[in-house]
Amino acid sequence: MKKNVTRRDFCNGVIIGTGINVLSPLNLFGQSDLLNHELDKSLYNYPPMLNGMRGSHQGSFEVAHALAWTGQKPTSYKDLNEEYDLVIVGAGISGLAAARFYQQKMGQDARILLLDNHDDFGGHAKRNEFEHDGKLLLGIGGSVNLENPRDYSKEAKGLLQDLGIDLDAMRDNESDGYESLTSTDGQSALSLPGPNGHVTVKANWMTLNQGEGDIETAIKALPIPVIEQDKLIEFFNGGRDYLDDLSLRESYRYVQSVSYGDFLSDRVGLDDETSSIFYAFMKLLWGVGGKNISVMDAFSIGAPGLQSMGKLTKLLQKILLWEMSGSESLYFPDGNASVPRLLVAKLIPAVTIDDADFTNISNSHFDYKMLDKSEHSIRLRLNSTVVGVRQTEDNRVEVDYVEEGMALRVMGKRAILACYNNMIPHLCPELPESQKNSLRYAEKMPLVWANIHLEDGIAFSELGVNRIDCPKDPFVVVTTAPYTSTGGYQPPKKSSDPMVIFMMSVPEVQATGKETLRELYKAGRHIVYSTSFATYEQQIRDQLQALLGPHGFNHETDIRAITVNRWPHGYAYEYSSLYDPEWEEGKAPHEIGRAQFGNISIANSDSEAHAYVNAAIDSAWRAVEEQTS
Ligand SMILES: Cc1cc2nc3c(=O)[nH]c(=O)nc-3n(C[C@H](O)[C@H](O)[C@H](O)COP(=O)(O)OP(=O)(O)OC[C@H]3O[C@@H](n4cnc5c(N)ncnc54)[C@H](O)[C@@H]3O)c2cc1C
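The sequence shown begins at 20 in my numbering and counts up by one.
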């Protein structure tokens with residue numbers, strides 16, 4: 020018997036697989052005459068606690084797809100007679116940061132409305148909560164960590180400061196790790212299916228990849244043919260120059276223009292099955308394996324081979340060392356969800372009962388009923404998909420949206436579109452054609468993150484590592500939820516404590532090799548939308564059983580709950596040296612696409628072509644500056 024697993028959304032994903040015929044426009048927005056604006060929102064009382072399929076959850080995307088795919092939207096709207104100084108589309112980090120910047124510049128009384136299609140705020144920065152006998156357990160629902168905050172712009176650093184985020188405290192709070200995992204000294208594991216179940220090889224793979232450590236023992240333990248092992252050992256040892264027929268200049272061009280997968284097969288002589296054992300982490304960053312990223316990009320995340328490039332090795336090491344100097348990742352226990360939570364607490368203080376700030380943000384409870392109150396100058400309206408944003412003749416902005424089947428309209432003096440940028444041509448068909456084409460260029464990268472609430476961490480701790488790369492499994496990296504006490508959180512301390520396992524997946528597209536990166540992302544997105552929670556659940560159970568079964572784990576009794584966060588529209592598109600031209604400054608699609616259009620400005624990390632928190636903040640700053648200078 021499976022035990023206590025919450026599966027609120029067993030067949031989520033099936034709807035989109037069968038097309039929007041299932042949810043006809045009548046179901047989506049045909050009820051505006053029937054309902055008034057007073058809804059029973061009890062279902063949405065506290066979204067972070069919901070299990071099953073989250074992220075792009077059922078109910079969040081159907082209206083937008085009807086508009087984007089078939090051009091359908093309501094023909095009439097109920098005017099709410101609400102007028103704001105600023106209407107913001109999208110309550111992710113960018114939209115929320117824009118609200119804060121605008122408020123700081125225009126004063127506390129500025130009236131702002133944020134609209135978001137999800138039942139929770141934060142956009143990609145969401146958290147998953149679990150309750151274990153009265154104790155709160157947290158997991159990362161989307162955005163993972165602050166990446167090199169020292170390098171953030173003045174404005175982005177300023178926002179972190181405004182929110183009271185103490186980076187030094189975050190560094191200190193991470194050092195206090197989980198008992199049996201701290202002793203493993205940088206070890207991770209590579210786990211591959213073998214003839215008798217998974218073979219998990221523990222080693223310091225990061226340093227082995229760079230040619231240091233006991234390479235032979237680790238490689239010989241992998242369940243791959245001996246001939247492939249020997250090739251790998253030679254490759255890892257760095258004694259051979261695999262580009263010896265090329266000049267330094269040609270070699271440099273080679274690493275930028277040839278895929279890592281082609282390098283491994285053409286020059287190192289590995290078969291594709293062997294090469295793919297190095298693709299787990301790159302899939303998380305680029306959504307694709309080595310066949311679709313350049314050698315240089317692969318090296319920049321520590322893939323093996325840098326030591327085997329002859330005369331180029333030293334130069335690349337210098338470049339990468341410079342790029343990575345001072346690099347760090349700082350975690351909240353819920354990933355970057357604490358950033359939007361702190362923002363919301365600043366913007367709408369009544370939402371937190373316990374005066375949430377940096378010191379208690381992890382544990383503080385938010386009252387979602389307070390998000391959208393007429394007595395507050397800032398209102399955040401969830402479950403609301405914007406379908407039209409137009410400038411009026413009297414120089415205001417009319418914003419149409421669909422909330423729970425109702426077609427509604429509000430007015431603003433100006434608007435900031437902090438939503439996915441390639442949705443904007445559908446919202447503002449009046450934009451110039453060249454701008455709309457540029458906005459359509461990017462494809463967001465699809466991803467799926469899962470959090471698994473376990474009875475205890477005994478089996479995981481016996482494995483003795485806190486990160487396992489599983490390149491051949493559906494979830495390519497398995498790790499633990501962050502061990503940090505930031506924000507007053509009490510992470511598990513002992514192996515007998517309940518724990519949350521964090522598993523990361525990207526859709527596996529059957530590619531011909533001729534697709535562009537953008538086509539691969541699009542195909543991946545369809546896979547994510549059409550994969551049911553039941554399928555993910557089975558994958559998770561099978562994979563955890565294979566990894567942890569030898570250490571006493573029983574998925575039927577050890578798993579308490581599963582939350583799958585699917586992000587079909589995940590990371591903002593970042594240009595690739597393999598697939599995109601080198602645009603002249605100011606001519607890249609995201610730069611043309613984000614141009615101000617009267618009293619409408621465009622934000623979101625898409626408008627920076629950079630899939631990071633600071634891009635979301637920087638774009639918000641720019642959009643607010645455009646509208647207020
Ligand atoms: C899985 C994942 C992991 C990541 N990890 C990291 C990390 O470790 N470090 C890092 O720095 N960055 C990370 N990022 C990137 C970073 O989180 C994002 O750049 C940032 O959160 C984006 O914020 P945003 O507000 O620009 O966009 P979003 O978070 O996408 O917010 C936009 C919001 O607008 C909504 N919206 C779209 N269309 C409409 C509409 N028509 N009407 C109403 N609302 C609409 C969207 O649904 C969404 O809620 C990650 C991203 C993902 C997806």
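A virtual CB, placed ideally from N, CA and C, is assigned to each residue, including glycine.
Among Tyr65, Thr332 and Val632, the one whose alpha carbon lies nearest that of Gln229 = Numbered from 1 along the sequence shown, position 210 holds the residue referred to as residue 229. Just measuring C-alpha positions, the residue of Tyr65, Thr332 and Val632 sitting nearest Gln229 is Thr332.
Lys333 in three-state terms, based on DSSP | The residue you call residue 333 lines up with position 314 of the sequence shown. Lys333 falls in the helix class under three-state DSSP.
Within the same chain, show all residues whose beta-carbon is closer than 7 Å to that of Phe254, passing over the 5 residues directly before and after it, in chain order.
-> Residue numbering aside, residue 254 sits at position 235 when the sequence shown is read from its first letter. Same-chain partners within the cutoff: Val287, Pro323, Gly324 and Ser327.
N- and C-terminal bounds of the alpha helix (DSSP H) containing Leu482 | Here residue 482 refers to the residue found at position 463 of the sequence shown. For Leu482, the uninterrupted alpha helix (DSSP H) segment begins and ends at Ile477 to Leu482.
Take the Cβ of Lys250 as the centre, count every other Cβ of all protein chains shown within 10 Å, and call the residue buried at 16 or more, exposed below.
-> Residue 250 sits at position 231 when you count from the first residue of the sequence shown. Note on Lys250: 16 or more other CB atoms within 10 angstroms of its CB, so buried under the neighbour-count rule.
How big is the Cα-Cα spacing for Lys606 and Leu134?
-> Indexing the sequence shown from 1 puts residue 606 at position 587. Indexing the sequence shown from 1 puts residue 134 at position 115. Lys606 and Leu134 have their C-alpha atoms some 30 Å from each other.
Who are the Cβ neighbours of Pro493 in its own chain at under 6 Å, not counting the five residues just before and after it?
-> As a position in the sequence shown, residue 493 is number 474, starting the count at 1. Ser524 and Gln558.
Taking C-beta to C-beta, are Thr582 and Gly71 nearer than 8 Å?
-> The residue you call residue 582 lines up with position 563 of the sequence shown. The residue you call residue 71 lines up with position 52 of the sequence shown. Taking 8 Å as the Cβ cut-off, Thr582 and Gly71 qualify as a contacting pair.
C-alpha distance - Tyr350 paired with Asp475, whole-angstrom precision | Position 331 of the sequence shown, counting from 1, holds the residue named residue 350. Position 456 of the sequence shown, counting from 1, holds the residue named residue 475. In a straight line, the C-alpha of Tyr350 is about 22 Å away from that of Asp475.
Counting only the same chain and skipping the five closest in sequence on each side, list residues whose C-beta sits under 6 Å from that of Pro526.
-> The residue labelled residue 526 in the question sits at position 507 within the sequence shown. Excluding sequence neighbours, Pro526 sits near Pro465, Gly543, Ile546 and Val547.
Taking all protein chains shown into account, do 16 or more other C-beta atoms lie within 10 angstroms of the C-beta of Pro244, making it buried, or fewer, making it exposed?
-> Position 225 of the sequence shown holds residue 244. Under this definition Pro244 is an exposed residue.
So, helix, strand or coil for Asn584, using DSSP?
-> Start at 1 with the first residue of the sequence shown, and residue 584 comes out as number 565. Three-state result, Asn584: strand.
Opposite Glu148 in the DSSP bridges: which residues?
-> Your numbering for residue 148 matches position 129 in the sequence shown. Partner(s): Leu157.
DSSP-derived helix/strand/coil call for Met328 | As a first step, residue 328 is located in the sequence shown; it is residue number 309 there, counting from the start. Of the three classes helix, strand and coil, the one that applies to Met328 here is coil, per DSSP.
Give the straight-line distance between the Cα atoms of Asp291 and Gly280, rounded to the nearest whole angstrom.
-> Locating residue 291 in the sequence shown gives position 272, where the first residue counts as 1. Locating residue 280 in the sequence shown gives position 261, where the first residue counts as 1. Those two C-alpha atoms are separated by around 8 Å.
Does the distance from the C-beta atom of Asn311 to that of Leu597 stay below 8 Å?
-> The count along the sequence shown starts at 1 and reaches residue 311 at position 292. The count along the sequence shown starts at 1 and reaches residue 597 at position 578. Going by C-beta atoms, Asn311 is nearer than 8 Å to Leu597.
Going along the chain, which unbroken runs of the alpha helix (DSSP H) with 4 or more residues stay wholly within the stretch 93-146?
-> You should have 112-125.
CB of Ala240 within 8 Å of CB of Leu227, strictly | Locating residue 240 in the sequence shown gives position 221, counting from the first residue. Locating residue 227 in the sequence shown gives position 208, counting from the first residue. No.
In whole angstroms, what separates the C-alpha of Tyr592 from that of Tyr460?
-> Here residue 592 refers to the residue found at position 573 when the sequence shown is read from its first residue. Here residue 460 refers to the residue found at position 441 when the sequence shown is read from its first residue. Going by C-alpha positions, Tyr592 is about 9 Å away from Tyr460.
Pick helix, strand or coil for Pro67, following the three-state DSSP scheme.
-> Within the sequence shown, residue 67 is the residue found at index 48, counting from 1. Here DSSP, grouped into helix, strand and coil, assigns Pro67 to helix.
Does any C-beta atom of chain C lie closer than 8 Å to the C-beta of Pro490?
-> Going by chain labels, chain C is absent from the structure shown, which holds only one protein chain.
Going along the chain, which residues of its own chain have a beta-carbon closer than 8 Å to the beta-carbon of Ser51, five neighbours each way excluded?
-> Translated into positions along the sequence shown, residue 51 becomes position 32. Note that Ser51 scores 39 on pLDDT, short of 50, meaning its location in the model is unreliable; the coordinates nonetheless yield the value given after this. By the criterion of a C-beta distance shorter than 8 Å, Ser51 is surrounded in its chain by Pro93, Ser95, Tyr96, Lys97, Gly424, Met425, Ala426 and Leu427, once the five residues flanking it on both sides are discounted.
Start and end residues, beta strand (DSSP E) containing Gly177 | As a first step, residue 177 is located in the sequence shown; it is residue number 158 there, counting from the start. Run containing Gly177: none in the beta strand (DSSP E); it sits in the alpha helix (DSSP H), Lys173 to Asp181.
Decide if the stretch 158-165 is in contact with the stretch 339-353; the criterion is three or more beta carbon pairs, one per stretch, under 8 Å apart.
-> Two segments are said to touch when three or more pairs of C-beta atoms, one from each, lie closer than 8 Å; by this definition the stretch 158-165 touches the stretch 339-353.
For His151, collect the residues of the same chain with a Cβ closer than 8 Å to its Cβ; drop the 5 residues on either side in sequence, then sort them by chain order.
-> In the sequence shown, the residue the question calls residue 151 occupies position 132. His472, Pro517 and Arg579, listed in sequence order.
Assigned secondary structure, Val528 (DSSP; H/G/I helix, E/B strand, else coil) = Locating residue 528 in the sequence shown gives position 509, counting from the first residue. Here Val528 sits in coil by DSSP.
Limits of the unbroken alpha helix (DSSP H) element including Lys513 | Within the sequence shown, numbered from 1, the residue matching residue 513 stands at position 494. It is not in any alpha helix (DSSP H) - Lys513 carries neither H nor E in the DSSP assignment.
Can you give me the start and stop residues for the alpha helix (DSSP H) that Tyr273 sits inside?
-> Taking the sequence shown and counting its residues from 1, the one referred to as residue 273 is at position 254. Annotation for Tyr273: the continuous alpha helix (DSSP H) segment containing it runs Leu267 to Ser276.
Return helix, strand or coil for Ala614, following the three-state DSSP convention.
-> Along the sequence shown, one-based indexing puts residue 614 at 595. For Ala614, the secondary structure class from DSSP, reduced to helix, strand or coil, is coil.
DSSP three-state assignment for Asp59, whether helix, strand or coil = Position 40 of the sequence shown, counted from the first residue, corresponds to residue 59. Residue placement at Asp59 is flagged as unreliable, the pLDDT there being 40, under the threshold of 50; the coordinate-derived value follows with that caveat. If DSSP states are grouped into helix, strand and coil, Asp59 belongs with coil.
How many Å lie between Glu342 and Asp170 at the Cα?
-> The count along the sequence shown starts at 1 and reaches residue 342 at position 323. The count along the sequence shown starts at 1 and reaches residue 170 at position 151. The straight-line gap from Cα to Cα measures roughly 11 Å.
Identify, in the order they occur along the chain, each residue of the same chain with its Cβ nearer than 7 Å to the Cβ of Ala530, setting aside the five sequence neighbours on each side.
-> Stepping through the sequence shown from its first residue, residue 530 is reached at position 511. Short of 7 Å from the beta carbon of Ala530, and not among the five residues preceding or following it, lie these beta carbons of its own chain, in chain order: Leu539.
So does Asn623 have its beta carbon nearer than 7 Å to some heavy atom of ligand 1?
-> Position 604 of the sequence shown, counting from 1, holds the residue named residue 623. Checking every heavy atom of ligand 1 against the Cβ of Asn623, one is found closer than 7 Å.
Are there 16 or more other CB atoms within 10 angstroms of the CB of Gln180, so buried, or fewer, so exposed?
-> As a working mapping, residue 180 is identified with position 161 in the sequence shown. Here Gln180 is exposed. Its C-beta has fewer than 16 other C-beta atoms within 10 Å.
Is there at least one non-hydrogen atom of ligand 1 closer than 7 Å to the beta-carbon of Ala83?
-> To locate residue 83, count along the sequence shown from 1; it is residue 64. Within the cutoff, so yes.
Select from Glu481, His574 and Glu534 the residue whose C-alpha is nearest the C-alpha of Val307.
-> The residue you call residue 307 lines up with position 288 of the sequence shown. Taking only the C-alpha atoms, the option nearest Val307 is Glu534.
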